[in-house]
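Before any comments, here is the structure.
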Amino acid sequence: MAQEDLFKKLVAHCKEYGYVFQSSEIYDGLGAVYDYGQYGVELKNNIKKYWWDSMVLLHENVVGLDSAIFMHPTIWKASGHVDAFNDPLIDNKDSKKRYRADVLIEEKLGKIEEKINKEITKAKKRFGDSFDEKQFRETNPRVLANQKKWDELHTRFAKALNDGDLNELRQIIVDQEIVCPISGSRNWTDVRQFNLMFSTEMGSTADGAQKIFLRPETAQGIFVNYLNVQKTGRMKLPFGIAQIGKAFRNEIVARQFIFRMREFEQMEMQFFVKPGTELDWFEKWKETRMKWHRALGFGDENYRFHEHEKLAHYANAAVDVEYKFPFGFKEVEGIHSRTDFDLSQHEKYSGKKIRYFDPEINDSYVPFVVETSIGVDRMFLQVLSASYCEEQLEKDSRVVLKIPPMLAPVKMAVMPLTKKDGMPEKAREIIDNLKFDFNCQYDEKDSIGKRYRRQDAIGTPYCVTVDHQTLEDNTVTIRHRDSMEQERVAISELGRIIGEQVNFKALFAKI
Ligand code: GAP
Numbered sequence: 032m033a034q035e036d037l038f039k040k041l042v043a044h045c046k047e048y049g050y051v052f053q054s055s056e057i058y059d060g061l062g063a064v065y066d067y068g069q070y071g072v073e074l075k076n077n078i079k080k081y082w083w084d085s086m087v088l089l090h091e092n093v094v095g096l097d098s099a100i101f102m103h104p105t106i107w108k109a110s111g112h113v114d115a116f117n118d119p120l121i122d123n124k125d126s127k128k129r130y131r132a133d134v135l136i137e138e139k140l141g142k143i144e145e146k147i148n149k150e151i152t153k154a155k156k157r158f159g160d161s162f163d164e165k166q167f168r169e170t171n172p173r174v175l176a177n178q179k180k181w182d183e184l185h186t187r188f189a190k191a192l193n194d195g196d197l198n199e200l201r202q203i204i205v206d207q208e209i210v211c212p213i214s215g216s217r218n219w220t221d222v223r224q225f226n227l228m229f230s231t232e233m234g235s236t237a238d239g240a241q242k243i244f245l246r247p248e249t250a251q252g253i254f255v256n257y258l259n260v261q262k263t264g265r266m267k268l269p270f271g272i273a274q275i276g277k278a279f280r281n282e283i284v285a286r287q288f289i290f291r292m293r294e295f296e297q298m299e300m301q302f303f304v305k306p307g308t309e310l311d312w313f314e315k316w317k318e319t320r321m322k323w324h325r326a327l328g329f330g331d332e333n334y335r336f337h338e339h340e341k342l343a344h345y346a347n348a349a350v351d352v353e354y355k356f357p358f359g360f361k362e363v364e365g366i367h368s369r370t371d372f373d374l375s376q377h378e379k380y381s382g383k384k385i386r387y388f389d390p391e392i393n394d395s396y397v398p399f400v401v402e403t404s405i406g407v408d409r410m411f412l413q414v415l416s417a418s419y420c421e422e423q424l425e426k427d428s429r430v431v432l433k434i435p436p437m438l439a440p441v442k443m444a445v446m447p448l449t450k451k452d453g454m455p456e457k458a459r460e461i462i463d464n465l466k467f468d469f470n471c472q473y474d475e476k477d478s479i480g481k482r483y484r485r486q487d488a489i490g491t492p493y494c495v496t497v498d499h500q501t502l503e504d505n506t507v508t509i510r511h512r513d514s515m516e517q518e519r520v521a522i523s524e525l526g527r528i529i530g531e532q533v534n535f536k537a538l539f540a541k542i
């Protein structure tokens, strides 16, 4: 199936099975804002738990925080967001559609890369085991020509971004003959900067309301609490503060479902270190975060690091973790070495000393920061993209979400074979015994086959059936979602068998 079709089906599936709904749908929706349904919220909570525990349980020097969304407006001046949190935008005069100039160019780069990859895939098929990709890349004339195009465009693009040269960005779009996907024309306006922060007012206008911003990242809440946590927790460098919370950005090009939203959630960790050690910690966190992703078993080949073309105003090193979504490799997480930029700025703007007294050198300094920042919603999309499968079976077909058991919204569905002979009561008894250990669901409607399909579609890893034999010997069948195999086990063993599979411990062992 074409990847585009697969993505459309996944989006439809999310709605049909209570994972994700368009916000305000009965009022025709609100652009790039989504609600999570009954299964979506469970998956989201499990993703957050996987991240939170991997930060604060696995690292004794990482602690949590929950700071407010509303913050003093000077924070955003100090952080640079008021002046520099911009996207370069360009309009097509015919379609009147607005685009991010950098995204248009990145898509062009992606198309050239696709051409190279197609040549390689073709050659791989032709030459089989004897195929030497490195040699092919170095000698095939079409690959070489496209690689040259890519390198030249990439160099020019990176320079324009780093110089903040908006005229040059426009010129690249013109020179590359990039057309508007709607009108098909090349009738472009100039490129302009557009600030992404939402603002609102606090207090009544009569009192003189104050303009405040909805935070575009959770990180600043951590920076302004650095001293509070360091002092009250008696934290010694290096140490980290982790936070999960909502962030808001007035995204202009909001596309690809929950990939780019205007209201979304971040899981961020700021790791405070001694100046001069930040690049070592940057490498260490890069490795740890990649292991966290790969532990889920979605295939190592589906992840890669992507170095930033342009470093943000606060960073001296930055890399993205990209996952291969149905619409290509895209950023899921950013790992940034933010220097002492934020803490120094807050020192300057607040007039308060934000320092660490280092007993080893008997002196104090502003710590440097390495940040890991991942979007909950993008992670959610990653899990669903990797898990969505359509399978042809002997007699029929099924749609199954092969979500790792630890993340699955419902862990176990218990099904009485029929609604009589005490089977429903027995099924309820099993649920009552296990419902505080993991999420269980009772399901008695329709044939067993239909019930299996329903549970496959929401990704329940274990279906337990209560039948006549259960009433005689207290055993049940467990049907495994992915293999569809069934085994007979004692009811008393269910908690242990399923409990082991849905525990995060196995994942943490891989990090
Ligand atoms: N504090 C650093 C920071 O916010 P970022 O690269 O702008 O860095 C971090 O964002 C992560 O937040 C991204 O990797 C992505 O997963 C998520 N994210 C950013 N903008 C988003 C949006 N509009 N919708 C959904 N997720 C978003």
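Heads up, the sequence shown is in the numbering used here, so the first residue is 32 and it goes up one at a time. Don't be surprised by glycine CBs; every beta carbon is placed ideally from N, CA and C.
Can you tell which of the options has the C-alpha that lies nearest to the C-alpha of residue i?
| i | options | result |
| --- | --- | --- |
| H112 | S161, A250, K142 | A250 |
| I100 | R265, S230, F288 | S230 |
| K442 | S381, V520, I528 | I528 |
| E475 | V445, F467, D427 | V445 |
| H103 | E282, G252, M437 | G252 |
| T152 | K242, M437, V174 | V174 |
| Y334 | L342, A348, K315, F356 | F356 |
| A132 | G71, K179, I209 | I209 |
| I489 | N177, F290, G365, A43 | A43 |
For residue i, which of helix, strand or coil comes out of DSSP?
| i | result |
| --- | --- |
| F116 | coil |
| I100 | coil |
| Q207 | coil |
| N226 | strand |
| H543 | With the chain covering 32 to 542 only, the question about residue 543 has no answer from this structure. |
| L245 | strand |
| Y334 | strand |
| I143 | helix |
| Q423 | strand |
| V255 | coil |
| A278 | strand |
Cβ atoms of residue j and residue i: under 8 Å apart, would you say?
| i | j | result |
| --- | --- | --- |
| L268 | D463 | no |
| R201 | D221 | yes |
| V397 | S381 | no |
| F116 | L197 | no |
| P13 | A458 | This structure does not reach residue 13, given that the chain is present from 32 up to 542, and the question cannot be answered. |
| P512 | D487 | Note on identity: in this sequence residue 512 is Arg, with Pro being the wrong assignment. For R512 and D487, yes; Cβs fall inside 8 Å. |
| D351 | E340 | no |
| H185 | L140 | yes |
| F313 | F270 | no |
| V578 | I106 | Outside the displayed span of the chain (32 to 542) sits residue 578, for which this structure offers no information. |
| Q297 | A273 | no |
| F399 | D371 | yes |
| Y130 | L438 | no |
| Y65 | M292 | yes |
| G365 | S404 | yes |
Could you tell me if the beta carbon of residue i falls within a distance shorter than 7 Å of some heavy atom in the ligand GAP?
| i | result |
| --- | --- |
| E402 | yes |
| E137 | no |
| R280 | yes |
| I405 | yes |
| E364 | yes |
| D408 | yes |
| E169 | no |
| A3 | Coverage of the chain is limited to positions 32 through 542, which leaves residue 3 absent and any answer about it impossible. |
| H367 | yes |
| F295 | yes |
| E299 | yes |
| M543 | For residue 543 there is no data in the structure shown, the boundaries of the chain being 32 and 542. |
Would you say residue i lies against chain B (beta-carbon separation less than 8 Å)?
| i | result |
| --- | --- |
| G111 | Absent from the structure is chain B; it holds one protein chain and no more. |
| query | Below 8 Å, can you find three or more Cβ-Cβ pairs linking the segment 150 to 157 to the segment 183 to 196? | reply | Taking 8 Å as the limit for Cβ pairs, the verdict is that the segment 183 to 196 does not touch the segment 150 to 157.
| Three or more C-beta pairs below 8 Å linking the segment 204 to 222 and the segment 124 to 140 | Three or more pairs of CB atoms, one per stretch, sit closer than 8 Å, so the segment 204 to 222 contacts the segment 124 to 140.
| field | Contact between the segment 59 to 69 and the segment 414 to 430 (3+ Cβ pairs under 8 Å) | value | The answer is no - the segment 414 to 430 does not touch the segment 59 to 69, with fewer than three Cβ pairs under 8 Å.
| task | Check whether the segment 392 to 412 touches the segment 499 to 517, taking contact to mean three or more Cβ pairs, one atom from each stretch, closer than 8 Å. | result | As far as the Cβ criterion goes, the segment 392 to 412 does not touch the segment 499 to 517, which means the pair count is below three.
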